[in-house]
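Below you'll find the structure, written out as structure tokens, and then a few comments.
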Amino acid sequence: MSASGSEILNIKGLSKVYSKNDARALNDVSLTVNSGEFVSVIGPSGAGKSTLLRCINRMVDATQGEVTFDGQNITTIKGKALRKVRTNIGMIFQNYNLVERLSVLENVLHGRLGHKSTFAGALGLYTEAEKRDAFEILDTLGLAKHAYKRCDELSGGQKQRVGIARALMQNPKLILCDEPIASLDPNSSKVIMDHLLQINETMGITCIVNLHQVDFALQYAGRIVGINDGTVIYDGSSQAIDEQHLTDIYRFDQEDPPRQSAQVAFTGAKENAAAFELVAHA
Ligand code: ADP
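The working numbering numbers the first residue of the sequence shown as 454 and each following residue consecutively.
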């Protein structure tokens, strides 16, 4: 694991234009993330948040710019080298991306696939130690009793906890979360965000979380990166963000509730954050 506070991710001049529709999703984005940070990326729909995360783990190839992860320039690496880097980067999706007809345990064990030979992976061969680790992780996430259930029997919040468990099974240095709570009710959302924060704080795993909900972002993340139209509008602490920043981040957004109620969200979130701090430090 990288030393806490050292640079784990460096993004330099990243731009992405999707060739099929000429959509410019990212425009000269530069960011540095240190090991152990909990960063939330916010912005209206279509701002480029998802594209940014996908360029980091190379699910999407940038048109221009560079991504350096853990000291290695990964912008154009391929094949085995790319697979190795990806073992260090967990990804959590809005729609969970689980194999629904398989058990919770099998889905979690899939997190080890990047570490195994294709042969062992194809046969679903896992060591006893890997199975023990999977149970331990499931236990931490309150899912041990569901280990043998099929994923399609679980609630959305439980499925997302399986997604987190699968990412942890990779033993990653960085976890990317693309709208992890967008499909969940407020209670389940809180459970998921609490788990992510705990993973960040106790295991030192760096987290970058795309969020639609400004109040959750301000409450949980130490640092906010605000994007509008593919450009970074704000990059700083969640404490220092103000109403004008939020208005700028959500400008031109005709549909998004966060923009229409930016002021309400901001005031509410700051109050929540204050209450949260009181509880956290009680
Ligand atoms: P966000 O995550 O903030 O909603 P996205 O990164 O999904 O934003 O999208 C940014 C822009 O890129 C949007 O204009 C979107 O329509 C476009 N886009 C995203 N993914 C694709 C894709 N696979 N093909 C073409 N255009 C895309």
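By construction, the Cβ of each residue, glycine as well, lies at the ideal position given by its N, Cα and C atoms.
Note that this is a predicted model, so its numbers are computed, not measured.
Locate the beta strand (DSSP E) running through Y471, then write down its first and last residues.
460 to 471
Status (buried if at least 16 other CB within 10 Å, exposed otherwise) for P633
buried
Which residues, in chain order, sit with a beta-carbon under 6 Å away from any heavy atom of the ligand ADP?
Y471, K473, N474, A476, A478, G496, S498, G499, A500, G501, K502, S503, T504
Roughly how many angstroms lie between the CA atoms of Q713 and C604, to the nearest whole one?
Annotation note: pLDDT 48 at Q713 (below 50); position unreliable, coordinate value reported separately. C-alpha separation (whole angstroms): 36 Å.
Counting beta carbon pairs with one atom in the segment 629 to 645 and one in the segment 535 to 547, are three or more of them shorter than 8 Å?
yes
Please tell me whether D701 and N681 are closer than 8 Å, where the distance is taken between their beta carbons.
yes
Under 8 Å Cβ to Cβ from E553, same chain only, skipping five residues before and after it: list those, please.
R603, C604, D605
Cβ of R780 within 8 Å of Cβ of H563?
The first residue shown for the chain is 454 and the last is 735, placing residue 780 beyond what the model contains.
Proximity of G679 and I509 at Cβ, strictly below 8 Å
no
Taking three-plus beta-carbon pairs below 8 Å as touching, is the segment 591 to 601 in contact with the segment 508 to 525?
no
Within its chain, find whatever has a CB closer than 7 Å to the CB of A587; leave out the 5 residues flanking it on each side and keep chain order.
L558, V561, L562, M622
Quick one: grab the DSSP three-state call for G524.
coil
Check for me: the alpha helix (DSSP H) holding R614 runs from which residue to which?
609 to 622
Ignore the nearest five residues each way along the sequence and tell me which others in D688's own chain have a CB closer than 8 Å to its CB.
L484, R676, I677, V678, G679
At least one CB of chain B closer than 8 Å to the CB of D638: is that the case?
In summary, chain B is missing from the structure at hand, where a single protein chain is found.
Reducing DSSP to helix, strand and coil, say where S642 ends up.
helix
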